[in-house]
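Heads up: the sequence shown begins at 1 in the UniProt record's numbering, then just goes up one per residue. Take a look at the structure below.
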Amino acid sequence: MGARSNSRVTLETSDSFENRIALADSKKLPRRTSMATDEVVPTRLAEASRAMGGDTSISENYAFTGVHHIFDQHKDAVTAVRFANNDKSLLACCSLDGKLSICQLTPPPASVLYILEGHKAGITAFEWSLSNDLILSCSLDATVRLWDAALGRCIRVVEDPLAASVQCCAFQPLNNNMVVVGNSKGMVQVLNVSTGIYLKGGSSKTSGSVLSIVFDSSGQLLWAGDDRGYIVSYLFDLHSGRLTKGKKILVSENNAITCLSARNWASREARDPSLLANCAADAVLLFSHRK
């Protein structure tokens, strides 16, 4: 699956890595040095990768080609694409055109179920609730919106208290009445979407514009990444929604942390909790988190 900045979302089916190389050659496109044709198999030192991949090559495990369907309903850059939780038949995407769309992949033919309109500026991020009945979105118009995914309608609008662009959002994993948002003025804030009230003690200032946030599966740890290259960890109180700042690390000075993803347990060979960070210094970084 790929998200394209020209407002298209492309779903791809699997095929060989070599076919992709051949296609690139036929179009006389420059090939990156990292796309070598040599088969790469995880070594004995990469036990976690070897456990998942076995003796097969990386190209055999991660090979995609062919277009299943193209969604082109948006008129500006697509900023995020997410499948519904544990549901391959539904995905949603948001765009700088200020709209969010819900798409059905199966049963065929693939179709757009709803186009959600209401934001007055580009949508920067969104997230499905745990049961997929709600969608949370945030926007450059300084608002957060809660949508009924089944009916395709907005059920709540909450303005940012600082009138700042809201850059990222996340549901609290154990209590979807609580959400956390990050804005362009460096604030990480906890919001009760049932009441539309920002919680007392549920805000914290970071060093730059907050671009990404993620919880661990327990809902007690939260990380935020900003445009200055910092990642900050927080303890989240499940009862009050209070945030307590933990550690702060500089990943790469003045290079934005654009995306974060947390996993508690990847495999038997990779049991330590991990935080995957995408950094605008042309790097993807994996951190091992130990309590």
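Every residue gets a Cβ at the ideal spot worked out from N, C-alpha and C, and that includes glycine.
Next on the checklist: Which of the three DSSP states is assigned to residue 250 in this structure?
Outcome noted: When DSSP states are grouped into helix, strand and coil, residue 250 belongs to the strand group.
Next on the checklist: Starting from residue 146, trace the beta strand (DSSP E) in both directions and tell me its first and last residue.
Outcome noted: For residue 146, the enclosing beta strand (DSSP E) begins and ends at 143 to 148.
Checklist entry - Apart from the five residues just before and just after residue 177, which ones in its own chain have a Cβ nearer than 8 Å to its Cβ? => result Within the same chain, Cβ atoms closer than 8 Å to the Cβ of residue 177 are found at 192, 193, 194, the five residues on either side in sequence being excluded.
Item to check | Alpha carbon of residue 175 to alpha carbon of residue 127, nearest angstrom | outcome: Distance between the alpha carbons of residue 175 and residue 127 is about 14 Å.
Checklist entry - CB-CB under 6 Å to residue 4, same chain, minus the five flanking residues each way: which ones, in chain order? => result Its pLDDT being 41, under 50, residue 4 is placed unreliably in this model, and the coordinates cannot settle the point.
Item to check | Reduced DSSP secondary structure (H/G/I, E/B, other) of residue 284 | outcome: Reduced to three states, the DSSP call for residue 284 is strand.
Item to check | CB contact below 8 Å: residue 251 versus chain C | outcome: Absent from the structure is chain C; it holds one protein chain and no more.
Item to check | Where residue 153 falls, given that 16 or more other Cβ within 10 Å makes a residue buried | outcome: Note on residue 153: under 16 other CB atoms within 10 angstroms of its CB, so exposed under the neighbour-count rule.
Item to check | Length-filtered (3 minimum) beta strand (DSSP E) runs lying within the stretch 197 to 232 | outcome: Taking only runs of at least 3 residues, the beta strand (DSSP E) segments lying wholly in the stretch 197 to 232 are 197 to 205, 210 to 215, 221 to 226.
Item to check | the stretch 215 to 229 touching the stretch 257 to 267, judged by at least three CB pairs closer than 8 Å | outcome: Flag = yes, the stretch 215 to 229 and the stretch 257 to 267 touch.
Checklist entry - Among all the DSSP beta bridges, which residues are the ones paired with residue 134? => result Residue 134 is bridged to 148.
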